[in-house]
Structure formats: C-alpha cells, structure tokens
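Each remark here refers to the structure printed beneath this line.
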Amino acid sequence: MNAWEVNFDGLVGLTHHYAGLSFGNEASTRHRFQVSNPRQAAKQGLLKMKALADAGFPQAVIPPHERPFIPVLRQLGFSGSDEQVLEKVARQAPHWLSSVSSASPMWVANAATIAPSADTLDGKVHLTVANLNNKFHRSLEAHVTESLLKAIFNDEEKFSVHSALPQVALLGDEGAANHNRLGGHYGEPGMQLFVYGREEGNDTRPSRYPARQTREASEAVARLNQVNPQQVIFAQQNPDVIDQGVFHNDVIAVSNRQVLFCHQQAFARQSQLLANLRARVNGFMAIEVPATQVSVSDAVSTYLFNSQLLSRDDGSMMLVLPQECREHAGVWGYLNELLAADNPISELKVFDLRESMANGGGPACLRLRVVLTEEERRAVNPAVMMNDTLFNALNDWVDRYYRDRLTAADLADPQLLRGGREALDILSQLLNLGSVYPFQREGGGNG
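So the sequence shown is numbered by this note's numbering: it starts at 1296 and just counts up by one.
Have a look at this one:
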C-alpha cells in the first residue's frame, strides 16, 4: 500500500529561554543564561516547515505547551493566585520557575514513538507518549502531549494513542529520538530499531552523563505499539558517545527507508548490529562516517546526524542540516564528498535554527515523523497540515504574541503567563484542537 512520511514539527513556545536544564546536552549547558529570542526561534522553525512543505514533503505542526506551568508549582507547595505563585517561586526558588517554563516540548522527536500500520499486529497507527523521566522539566510534558496527539490523530479506528510509561527511572523513555525505522517503501513492513542506553543488570553504561533510555522502556513501547515481534531489533548506544554529549541516538544516527547514516562509533557492537540489519532489511545501506573524518565532538557541535533524511519520489534523498554544518570546514568537506559518492543522498538543504540549536535541538529534534497511508493522512486533523494559509496565520500569531527578548528574570512577569494563555487559546481554535490545555479546562487555574 502507498504511504508517505509526514513530518510533524513542534512550534517553539513563547517562553523559549536558555536555562541549562539538560545535563548531558552540552549545547544546553554552554548557553545557560544567554538572552533568547522566542519570536525568532518560532519563525526559524516555521520557515523550515514551510520550505519542506513547498518542496513536496508533507508537513504538519504540533503546538507548544502551556508555560509557565502553574499546576506543578502548586504541587511543589506554592499557593495563592497564579500571580502570587509566580511571585513566590521567583523569590524563593527561581530554578523551579525556569523548569516549569521550559519550551522543551518543541522537540517533538521526544513526544512519542510511532509504529506505522504496516508494522502493527492490528493494522492501526500506534503512538506511545514518552515519559521523559530523566529530566524534571521534560517529565511535565506527557499529559498535554497525549491530549495534543489525541486531538490531531483523533480517529480511533485508525490511530491508537497510548499514555506514557510509569514515571520511574527503570522505564525512562525518550520517544522517537531513540528509534529508527528501516525498510523499502514506506507502505511496506519495516524493521524497527529501538536504541537504549542502559538496562537493568548490565554494567555497560556511560559514567559521565546519564543514559536516558532503558531497554526495559523500549521493550514496553514496542509491546504497546503492537509492533510485530519479527520486525524489532533492540540495540545499545555506545556509552562512550553518551559521555561525549550524545544524549539521544538522533544526535549520532538518522535513518530513512533502506539507509542508516551514522557515526562509526554510534552503537555498542556496531559491526554486529549492521550485519543483523543487512540480513533483515532488503537493500540495506549503512553510511558510516569514520572518526578520522568527523570526530564525535564535531558531530555533536554541528549536529551533523541530527538531520532529516527525506525521500524524493525518484528514490533519491535530501539531507536537511543545521547551518552549523556548513560553517564547519571539516564537516562540510565530508558532506560534499558524501554527495559525490555512490549513495541515495543527492542534495543538502541547510537551515538557520540557531535559537533551537543553542539549547541542543537541531532539525531532527524538532520533528516527529509519522508514516501514513493516504486514507490515514485524510483522517488526521486537517487544520494542522502546513500550507500557505496556515503558515501566514502562524506567522501573524507569532508576531502578535511572542517577545523578541527573554531572560530567566522575565519568567516571573504575570503578563507572560496571561499573554501565553491567550495565545494558546487562539492557537487551539486555529488548529481546531478543542480544550487541550489545563488552563482551558480549569477556567484559568486561579487558586
């Protein structure tokens, strides 16, 4: 059956700021306390979405979450009206205010793990929300992510959206950022590669930075998504590269159809894994980048592998890259050699995503890819599909509500909270989502 990959990109939220919340993500730590530009961040993401849609790649949008997220501050013991809660936390414990104001939901590669209908036992598309247990600020996302996905994939005959795994370290799940699918045409059954950083009883794990994904979580997600057991491989990420800042697999590898583009040090027991994939995936091609040409450090600083590998109708592929790759002589030199070599990659497309990149999120972090048949695509909420009308409406919306400068101190401004809620109220109507945000269901959340 014919099917296409649709990229659902996260729209950057109004409170995008640099707080260094993500230990193990070196860009996040390095840019802590810098001044951010939420308006520019949102527009950079929108430009990528629109350019890819115009190039013929189906594209959709996932909206931001409500931030600052007052209900969690109440759980932490701050009381009073919403404005009083903001004032108290800013004075007594500003680190909590930064955490509950994070715009991290924009990196929707961590929103969920997807199983296309060609891979599932019941013939439905399955989406399991990620619990993002390893980081407090990200663990707050799961409930609203589930509401958003159910509003977008709202046909229960075709889509099953599963709640996140229990919030415990043993079941730490980071979503599609640690998941690859390999195979032929999108509509054919594919091989799902789940990548984990640690498992119970196995001492092979990083020592400097945390391994966020567990094998136990990956196995549970595969079960929830009803993936055919014959179409699953579990592989461990190389713990040494996690200790060098590769906090998700999509920082060191990206797949599309029959191609796996990865660093030669991406996986533990890599030669064994690639042999397994060659045996189980027709036409499998590994493009391994040698450390002598691109070091792990350079891969992390440029986000070479946090790229999107997209298929054209003629079977060729386009590699979507952040501007940092073009600005690094060694990486750009390698990429031009790659273009000239015998492989499906025939074009490099570069985007300026500096606002997201400074927080450790490149092109691949910003998108959740969902393989859909034509019938399934028609069943998706049409209001989220990118086109000229939506692009213009979202740009106008960003111009109206987003600030062009934000620091951690600004997060205590009650007008940021009020303006953010008004903005999301308008956006949820624009995208025909219904009442997906807690403040909409609780009448503003004043206590």
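Where is the CB? At the ideal position from N, CA and C, for every residue including glycine.
How is residue i classed by DSSP in three states: helix, strand or coil?
i, result
"Cys-1620", "helix"
"His-1311", "coil"
"Phe-1448", "coil"
"Asp-1304", "strand"
"Trp-1391", "helix"
"Thr-1684", "helix"
"Gln-1508", "coil"
"Phe-1556", "strand"
"Ile-1528", "strand"
"Val-1356", "strand"
"Leu-1726", "coil"
"Ile-1640", "strand"
"Asn-1551", "strand"
"Leu-1435", "coil"
"Val-1584", "strand"
"Gln-1735", "helix"
"Thr-1702", "coil"
"Leu-1316", "coil"
"Asn-1475", "strand"
"Leu-1604", "strand"
"Leu-1711", "helix"
"Gly-1742", "Its pLDDT being 33, under 50, Gly-1742 is placed unreliably by the model, and nothing is read from it."
Count the other CB atoms, across all protein chains shown, that sit within 10 Å of the CB of residue i; report buried if there are 16 or more and exposed otherwise.
i, result
"Gly-1308", "buried"
"Pro-1461", "exposed"
"Gln-1370", "exposed"
"Val-1301", "buried"
"Pro-1433", "The amino acid at residue 1433 is misidentified as Pro; the sequence shows Arg. Its Cβ being crowded by 16 or more others within 10 Å, Arg-1433 is buried."
"Glu-1622", "exposed"
"Asn-1497", "exposed"
"Glu-1642", "exposed"
"His-1558", "buried"
"Ala-1413", "buried"
"Gln-1525", "exposed"
"Pro-1677", "exposed"
"Leu-1416", "exposed"
"Gln-1560", "buried"
"Gln-1487", "buried"
"Glu-1671", "buried"
"Ala-1574", "exposed"
"Leu-1465", "exposed"
"Ser-1611", "exposed"
"Gly-1740", "Residue placement at Gly-1740 is poorly supported in this model, since its pLDDT is 41, which falls under 50; the coordinates still yield a value, given next. Looking at its Cβ environment, which holds 16 or more other Cβ atoms inside 10 Å, Gly-1740 is buried."
Is it true that the CB of residue j sits closer than 8 angstroms to the CB of residue i?
i, j, result
"Thr-1668", "Met-1296", "yes"
"Ala-1437", "Leu-1422", "no"
"Ala-1298", "Val-1554", "no"
"Val-1679", "Ile-1447", "yes"
"Asn-1690", "Ala-1348", "no"
"Asp-1593", "Gly-1625", "yes"
"Val-1403", "Asp-1304", "yes"
"Leu-1569", "Ala-1581", "yes"
"Leu-1706", "Leu-1392", "yes"
"Asp-1545", "Cys-1620", "no"
"Val-1420", "Ser-1458", "no"
"Gln-1329", "Leu-1648", "no"
"Ala-1350", "Glu-1650", "no"
"Ala-1733", "Glu-1378", "The sequence as given places Pro at residue 1733; Ala does not occur at that position. Going by C-beta atoms, Pro-1733 is not nearer than 8 angstroms to Glu-1378."
"Tyr-1697", "Arg-1476", "no"
Hey, residue i and residue j are a contact pair by Cβ (cut 8 angstroms); roughly how many whole angstroms apart?
i, j, result
"Ala-1762", "Pro-1534", "Here the chain comprises residues numbered 1296 to 1742, so residue 1762 is not present and cannot be evaluated."
"Ile-1357", "Val-1380", "That belief does not hold up - the Cβ atoms of Ile-1357 and Val-1380 are roughly 27 angstroms apart, past 8 angstroms."
"Asn-1405", "Glu-1469", "5 angstroms"
"Pro-1389", "Ala-1635", "With 8 angstroms as the limit, Pro-1389 and Ala-1635 do not qualify as a contact, their Cβ atoms being about 52 angstroms apart."
"Gly-1478", "Val-1576", "6 angstroms"
"Thr-1310", "Arg-1362", "4 angstroms"
"Ala-1410", "Ala-1471", "Ala-1410 to Ala-1471, Cβ: 10 angstroms. No contact."
"Phe-1562", "Gln-1531", "7 angstroms"
"Ala-1674", "Lys-1453", "5 angstroms"
Based on DSSP bridge pairs, tell me the residues matched to residue i.
i, result
"Thr-1415", "Val-1522"
"Tyr-1491", "Gln-1531"
"Trp-1299", "Leu-1667"
"Arg-1662", "Asp-1304"
"Leu-1422", "Ile-1409 and Val-1456"
"Met-1612", "Ser-1606 and Ile-1640"
"Phe-1364", "Paired residue(s): none; Phe-1364 is not in a bridge."
Between residue i and chain B, is there a C-beta pair that is closer than 8 angstroms?
i, result
"Ser-1376", "No chain B appears in this structure, which consists of one protein chain only."
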